[in-house]
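Enquirer: In our numbering, each residue's number is its place in the sequence shown (first place is 1) plus 12. Glycine included, C-beta positions come from ideal geometry on N, C-alpha and C. My questions will all concern the structure given below.
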Amino acid sequence: MSGPDDAPGARPTAPGAAVLDLRDVHRTHGSGEAAVHALRGVSLTVGPGELVAVMGPSGSGKSTLLALAGGLDGPTAGEILVEGQPLGALDRRALARVRRRRIGYIFQNLNLLGSLTAAENVALPLELDGVGVRQSRRAAQVALDEVGLTELGGRFPDQLSGGQQQRVAIARALVGERRLVLADEPTGALDSQTGEAVLRLLRRRVDAGAAAVLVTHEARHAAWADRVVFLRDGVMVDSTAPLGGVEQFLAGSGR
13 MSGPDDAPGA RPTAPGAAVL DLRDVHRTHG SGEAAVHALR GVSLTVGPGE LVAVMGPSGS
73 GKSTLLALAG GLDGPTAGEI LVEGQPLGAL DRRALARVRR RRIGYIFQNL NLLGSLTAAE
133 NVALPLELDG VGVRQSRRAA QVALDEVGLT ELGGRFPDQL SGGQQQRVAI ARALVGERRL
193 VLADEPTGAL DSQTGEAVLR LLRRRVDAGA AAVLVTHEAR HAAWADRVVF LRDGVMVDST
253 APLGGVEQFL AGSGR
């Protein structure tokens, strides 16, 4: 989605070009002896049609990486580009437009608005971007259908279970034409069957041309990825091919 108020230099991704490009990214909190080095020189490129899983122990920098990739935080050093556009060169309004139009977030803190129904929560990013209410609600209903909440669009968050709320947050992240999806343990509150359905949905969105980064602790979730990278103490220590393939993994688990 682009418009006349896009930031100067905005441009669509060229065929085969990276959707997300982290270049020697550092993130340090604090200074001196109290400094915490959350990321140390991380470089990562994710292209269209690619799902990358990020694994590592707690405190390794996984969530920090997602926050930086989505423009929710800025690096101490290094550069982050989304569809070729350096996020550090954007003012606050331009950065907000990039986040609304190009990036979908599925974070552990769901950030659903309690005063809005499920459908209204999902439609909100489109409406904030100037899409008409009727069109936004139609798109929201399609997204809710995809995550198995067809009949629950009129309910408020406090009328939904934790798993249902998580699926609303996933629908909100996927609604519209998001080119980059960032997911932080997106199946944490879901049973295994629903979690697999959500990962299949994410996989379909990627196969249709989006790029995605999935933070997970579980190998069975990382098995859906095209590539797995490992973080330890803020450093990328390894990058591998897929973990054996999804169907092979499921077959091996006796399912």
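What are the boundary residues of the beta strand (DSSP E) that R39 is part of?
Expert: Here the beta strand (DSSP E) through R39 covers L32 to H41.
Enquirer: If you reduce the DSSP assignment to three classes, tell me which class L93 lands in.
Expert: strand
Enquirer: Short of 8 Å in beta carbon distance, which residues of its chain neighbour T40, apart from the five on each side in sequence? Order them along the chain.
Expert: A47, V48, H49, A50 and T88
Enquirer: Could you tell me the boundaries of the alpha helix (DSSP H) in which A183 lies?
Expert: G174 to L186
Enquirer: Out of T129, A185, L136 and G200, which one is the CA nearest neighbour of Q171?
Expert: T129
Enquirer: Buried or exposed, going by whether 16 or more other CB atoms sit within 10 Å of the CB of D17?
Expert: Only weak support exists for where D17 lies, its pLDDT of 41 falling under 50; the value from the coordinates is given anyway. D17 should be labelled exposed.
Enquirer: What's the gap between the Cα of L84 and the Cα of R217?
Expert: 23 Å
Enquirer: For V145, count neighbouring Cβ atoms within 10 angstroms of its own Cβ and tell me buried if that reaches 16, exposed if not.
Expert: exposed
Enquirer: Here's a check: name, in chain order, each residue in its chain whose Cβ is nearer than 6 Å to the Cβ of L56, leaving out the five neighbours to either side.
Expert: Only L34 meet the Cβ criterion.
Enquirer: Going by DSSP in three states, D219 sits in which element: helix, strand or coil?
Expert: Collapsing the DSSP output to three states places D219 in a helix.
Enquirer: Distance, Cα to Cα, G61 vs L214?
Expert: 11 Å
Enquirer: Take the Cβ of L202 as the centre, count every other Cβ of all protein chains shown within 10 Å, and call the residue buried at 16 or more, exposed below.
Expert: buried
Enquirer: Check whether the stretch 90-101 touches the stretch 124-142, counting contact only when three or more Cβ pairs, one atom from each stretch, lie closer than 8 Å.
Expert: no
Enquirer: Please classify G188 as buried or exposed, where buried requires at least 16 other C-beta atoms within 10 Å of its C-beta.
Expert: Buried is the call here.
Enquirer: Would L32 and L192 qualify as a contact pair, given that the criterion is a beta-carbon distance under 7 Å?
Expert: yes
Enquirer: Which residue comes first and which comes last in the alpha helix (DSSP H) that contains H233?
Expert: Note, H233: alpha helix (DSSP H), A231 to A234.
Enquirer: Exposed or buried, what is A231 when buried is set at 16 or more other beta-carbons lying within 10 Å of its beta-carbon?
Expert: exposed
Enquirer: In or out: E158 buried (at least 16 other Cβ within 10 Å) or exposed?
Expert: Around the beta-carbon of E158, 16 or more other beta-carbon atoms lie within 10 Å, marking it buried.
Enquirer: Can you list, in chain order, the residues of its chain with a C-beta nearer than 8 Å to that of L80? Leave out the 5 residues immediately preceding and following it.
Expert: L34, V37, R39, L51, G86, P87 and I92
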